[in-house]
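Yeah, the sequence shown ends on 450 if you go by the numbering used here, and it's all consecutive. From the three backbone atoms N, C-alpha and C, an ideal C-beta is built for every residue, glycine too. Note that the structure is a prediction, hence the values are computed from the model and not measured. To start, the structure under review is shown below, and the notes come after it.
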Amino acid sequence: MTTAVASGVLAAVMEERRVSRRQYAIIAMVVFAAALWSAWGTEFNIPKLMEGLPHIYALGERMLPPDFSILESLMGPMIETLEMALLGTTIPIFFALPLAFLAAVNTSPSPLVSVVVRLFIGIFRTVPELIWAMVLVTAVGLGPFPGVLALVLHTIGGLGKFYYEAIESADPGVMEAMQAAGASRFKVIWYGVMPNVLPVMMSSTLFYWEYNNRASTVLGLVGAGGIGLALTHALQDFRYPEVVTCLILIVFILVIIDRISAFLRGKII
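This is the structure we're talking about:
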């Protein structure tokens, strides 16, 4: 009897593995076919890349050695970039937090409000900060201000989504107990929800601070200030040693910020 049961279990396990292997094989073939289709549509061409290697090598020779004499003049744009990222992360907190409580199903005053607020959050998050910057540079002119606004708009959407997902994952038992005890909505949110979700929110905010430091270096490509603008000018004037110096400084600063962010997230979580 025991042997028959064991044989049946073994047969079921083997059959499940065969089905899983078949599913994995189908998925692999679909992914491979999609990759081939994408390569054909984007004119991905390895021989063409090999033909261009001498030109890449020649460009590399023109870029080296880096021109470190401009480092002092890059400090101002680099600080401006860091300031853009800091403002682009802190200002959205004051908008994303109330929007998140309106968007979360368990704290929203009504399902309709939740749907509408989620729609706005989705719009802010879906439009890349580079597109926001292009629009805002046209509206308010060149400089770091449109870059800050672009980061603010995109980050409101990003943090809003992270925040309302954290709120919806909060322990419902605490909220129900406080509501049963007659606590007001504000007290339920402040004492029942916030202590549970605050570490996740802080971690998400640090992630976006790190992300915005990278994004702010790119916004200069459309005239939104910072080190990216200095990099753009160097590229346009074919001052390749200065381009390399800008890239080295950007990578150096971003690595430091990445380490700081990882350290702080580790302390919070």
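Contained alpha helix (DSSP H) runs [length at least 4] in the region 287 to 341, N- to C-terminal order: 292 to 307 and 310 to 321
Cβ-Cβ distance between Met-244 and Val-425 below 7 Å: Taking the sequence shown and counting its residues from 1, one reaches residue 244 at position 63. Taking the sequence shown and counting its residues from 1, one reaches residue 425 at position 244. Result yes, Cβ atoms of Met-244 and Val-425 sit closer than 7 Å.
In chain order, each alpha helix (DSSP H) run of at least 4 residues that lies wholly inside the region 357 to 408: 375 to 400
Rounded C-alpha distance that separates Leu-428 from Val-286: To locate residue 428, count along the sequence shown from 1; it is residue 247. To locate residue 286, count along the sequence shown from 1; it is residue 105. Spanning the alpha carbons of Leu-428 and Val-286 requires a straight line of approximately 44 Å.
Environment of Ile-408 [buried if 16+ CB atoms lie within 10 Å]: Taking the sequence shown and counting its residues from 1, the one referred to as residue 408 is at position 227. Residue burial is scored here from C-beta neighbours: Ile-408 has at least 16 other C-beta atoms within 10 angstroms and is therefore classed as buried.
Beta-carbon gap between Gly-269 and Leu-332 smaller than 7 Å: Start at 1 with the first residue of the sequence shown, and residue 269 comes out as number 88. Start at 1 with the first residue of the sequence shown, and residue 332 comes out as number 151. Contact: yes.
Simplified DSSP state of Ser-350, which is helix, strand or coil: Taking the sequence shown and counting its residues from 1, one reaches residue 350 at position 169. Three-state result, Ser-350: coil.
Local Cβ density within 10 Å of Pro-376, reported as buried at 16 or more and exposed below that: Position 195 of the sequence shown, counted from the first residue, corresponds to residue 376. When all chains shown are included, Pro-376 counts as exposed.
Nearest-angstrom beta carbon gap, Met-315 and Val-403 [assumed within contact, 8 Å]: Against the sequence shown, residue 403 aligns to sequence position 222. Against the sequence shown, residue 315 aligns to sequence position 134. Sure, about 5 Å apart at Cβ, within 8 Å.
Assigned exposure category for Pro-273 - 16 Cβ within 10 Å defines buried: Walking along the sequence shown from the start, residue 273 turns up at place 92. Buried, because 16 or more other Cβ atoms sit within 10 Å of the Cβ of Pro-273.
Residue environment, Arg-202, which counts as buried when at least 16 other CB atoms sit within 10 Å: For this step, residue 202 is matched to residue 21 along the sequence shown. So Arg-202 counts as exposed.
Short Cβ contact (7 Å threshold) for Gly-401 with Leu-387: The residue given as residue 401 occupies position 220 in the sequence shown. The residue given as residue 387 occupies position 206 in the sequence shown. No, Cβ-Cβ distance for Gly-401 and Leu-387 is not below 7 Å.
CB-CB length for Val-298 against Leu-278, believed under 8 Å: Against the sequence shown, residue 298 aligns to sequence position 117. Against the sequence shown, residue 278 aligns to sequence position 97. Not confirmed; about 12 Å, so no contact.
Contacting residues, own chain, Cβ-Cβ under 7 Å from Leu-412 (five flanking each side not counted): The residue given as residue 412 occupies position 231 in the sequence shown. Result list for Leu-412: Gly-401, Val-424 and Cys-427, in chain order.
Cβ separation of Ile-434 and Met-256, assumed to be a contact under 8 Å, to the nearest whole Å: Your numbering for residue 434 matches position 253 in the sequence shown. Your numbering for residue 256 matches position 75 in the sequence shown. Incorrect: roughly 11 Å between the Cβ atoms, too far for contact.
Alpha-carbon to alpha-carbon, Leu-234 and Pro-422: As a working mapping, residue 422 is identified with position 241 in the sequence shown. As a working mapping, residue 234 is identified with position 53 in the sequence shown. Computed Cα separation, rounded: 20 Å.
Option in Arg-440, Ala-405 and Leu-445 with minimal Cα separation from Thr-262: Counting from one through the sequence shown, the residue named residue 262 turns up at place 81. Measuring from the Cα of Thr-262, the nearest candidate turns out to be Ala-405.
Inter-stretch contact at 8 Å, needing at least 3 Cβ pairs: the region 343 to 351 / the region 309 to 325: no
Beta-carbon separation (whole angstroms), Phe-305 vs Gly-338, contact threshold 8 Å: Indexing the sequence shown from 1 puts residue 305 at position 124. Indexing the sequence shown from 1 puts residue 338 at position 157. Right, their Cβ atoms sit about 3 Å apart.
Check: Leu-280 C-beta below 6 Å from any heavy atom of the ligand ATP: The ligand ATP is not part of the structure shown, which contains no ligands of any sort.
Proximity below 7 Å, CB of Tyr-389 to CB of Thr-307: Residue numbering aside, residue 389 sits at position 208 when the sequence shown is read from its first letter. Residue numbering aside, residue 307 sits at position 126 when the sequence shown is read from its first letter. Cβ atoms of Tyr-389 and Thr-307: not closer than 7 Å.
Beta-carbon spacing of Val-296, Leu-283 below 7 Å: Counting from one through the sequence shown, the residue named residue 296 turns up at place 115. Counting from one through the sequence shown, the residue named residue 283 turns up at place 102. No. Outside cutoff.
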